[in-house]
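Structure, as structure tokens:
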Amino acid sequence: MNDPQLRGIGMTSQRTRDRLVNRLRDQGILDERVLDVMRQTPRHIFIDEALSHRAYEDTALPIGFNQTISQPFIVARMTESLLAEGPLKRVLEVGTGSGYQTSILAPLVGELFSVERIRPLQEKARERLKRIGLKNIQLKHTDGGMGWSSKAPFDGILAACAPEEVPEELKQQLAIGGRLIIPVGGSENQELKLVVRLSEDEFTTDVLECVKFVPLLSGTIR
Ligand code: SAH
Numbered sequence: 604m605n606d607p608q609l610r611g612i613g614m615t616s617q618r619t620r621d622r623l624v625n626r627l628r629d630q631g632i633l634d635e636r637v638l639d640v641m642r643q644t645p646r647h648i649f650i651d652e653a654l655s656h657r658a659y660e661d662t663a664l665p666i667g668f669n670q671t672i673s674q675p676f677i678v679a680r681m682t683e684s685l686l687a688e689g690p691l692k693r694v695l696e697v698g699t700g701s702g703y704q705t706s707i708l709a710p711l712v713g714e715l716f717s718v719e720r721i722r723p724l725q726e727k728a729r730e731r732l733k734r735i736g737l738k739n740i741q742l743k744h745t746d747g748g749m750g751w752s753s754k755a756p757f758d759g760i761l762a763a764c765a766p767e768e769v770p771e772e773l774k775q776q777l778a779i780g781g782r783l784i785i786p787v788g789g790s791e792n793q794e795l796k797l798v799v800r801l802s803e804d805e806f807t808t809d810v811l812e813c814v815k816f817v818p819l820l821s822g823t824i825r
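Structure below.
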């Protein structure tokens, strides 16, 4: 990395990043490809400079508009679970937010489609993803509760915001064998679910963990 800001110093340095990755491994993240991408990705550029000294804490942080950048452990866990049964060609992300989860997923999949309902967040994410040189990503400003039907079917779908129930549209946009990772529930009590499409009309659902995500909301903000 030639850009000194991307490389980071002090609280944003490679050493600080390595420490976070070691902690994730201690907490049970096993997929070395995921850990490697997290080691190489400058999370500090996805948040406000005033908070950058906290970028490698394992915690969610505010990114404006009442939204948060996801906690690194959860990003790792969701990415690992999505990839657990082999490589994925086409993946949909619902809730680009800061673009951090996008930047972890993109190097590990064929093509990544990511939707966000808040335009200013999406625009910032676009700049950052360009800055770190990721090319296999298409962003769209839309209500992702409906998925992205013109790009479906997807081998994987990852949602970073929680609906009350798994949206039927997302299930229908899975390829056969496709995997959907999604937090489900109200503001107090959410479960991270893994839905797998076994056939045209058969799905299995597993619960992975208890989590706390911002809600999936309908409509868009310009
Ligand atoms: N993984 C992101 C998390 C951002 S928070 C990160 O690490 O930064 C979740 C995001 O989902 C928010 O930006 C929110 O605006 C977005 N969101 C909520 N409901 C949505 C919807 N229906 N369609 C698209 N995005 C949505």
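In our numbering, the protein residues as written are 604 to 825.
We treat Cβ as the ideally placed atom computed from N, Cα and C, and that holds for glycine.
All values derive from a computational prediction rather than experimental measurement.
When the options are compared against residue i, the one with the closest alpha-carbon
i    : options                : result
E696 : S752, A663, Y659       : S752
Q793 : R800, L801, I784       : I784
T682 : V817, L638, L732       : L638
L773 : E791, R800, G789       : R800
V817 : F806, L742, G789       : G789
E805 : E812, G822, L797, I779 : I779
D606 : G702, N669, I648, L811 : I648
L654 : G747, G748, M614       : M614
D651 : R636, T671, D661, T644 : T671
P786 : E771, S802, V810, T619 : V810
T745 : I735, E771, S717       : S717
K754 : E771, E812, Q775       : Q775
I735 : R636, V640, R782       : V640
H656 : Q608, G750, E791, T807 : Q608
Whether residue i touches residue j by CB criterion (8 Å)
i    : j    : result
G700 : E688 : no
S673 : A663 : yes
I721 : I824 : yes
G759 : L711 : no
L686 : P766 : no
T705 : A728 : yes
E714 : R693 : yes
F757 : L777 : yes
L633 : P675 : no
A709 : N739 : yes
F668 : L742 : no
T619 : I707 : no
Alpha helix (DSSP H) segment containing residue i, residue limits
i    : result
R626 : 617-629
V718 : Segment 714-719 is the beta strand (DSSP E) holding V718; no alpha helix (DSSP H) there.
Q725 : 722-734
K774 : 771-775
Q608 : 607-610
L686 : 675-686
I707 : 703-708
Residue range of the beta strand (DSSP E) that includes residue i
i    : result
F806 : 806-814
I760 : 757-762
I833 : Any answer about residue 833 is impossible in this case: the structure gives the chain only from 604 up to 825.
L695 : 693-697
Supposed close pair residue i, residue j - CB separation, criterion 8 Å
i    : j    : result
D629 : R642 : With 8 Å as the limit, D629 and R642 do not qualify as a contact, their Cβ atoms being about 14 Å apart.
V814 : L795 : 5 Å
L732 : G698 : Wrong, their Cβ atoms sit about 15 Å apart, outside the cutoff.
S821 : G748 : 6 Å
R610 : D661 : Actually they do not touch by this definition, with Cβ atoms about 21 Å apart.
Residue i - partner residues in DSSP beta bridges
i    : result
R545 : Given that the chain is displayed from residue 604 to residue 825, the structure contains no residue 545 and the question cannot be resolved.
T786 : According to the sequence provided, residue 786 is Pro. The question's Thr does not apply to it. Partner(s): L795.
Q741 : F716
Q643 : Answer is none; Q643 lacks a bridge partner.
I672 : L664
I824 : I721
A765 : P818
Cβ of residue i within 8 Å of any chain B Cβ
i    : result
K692 : In the structure shown, chain B cannot be found, because there is only a single protein chain.
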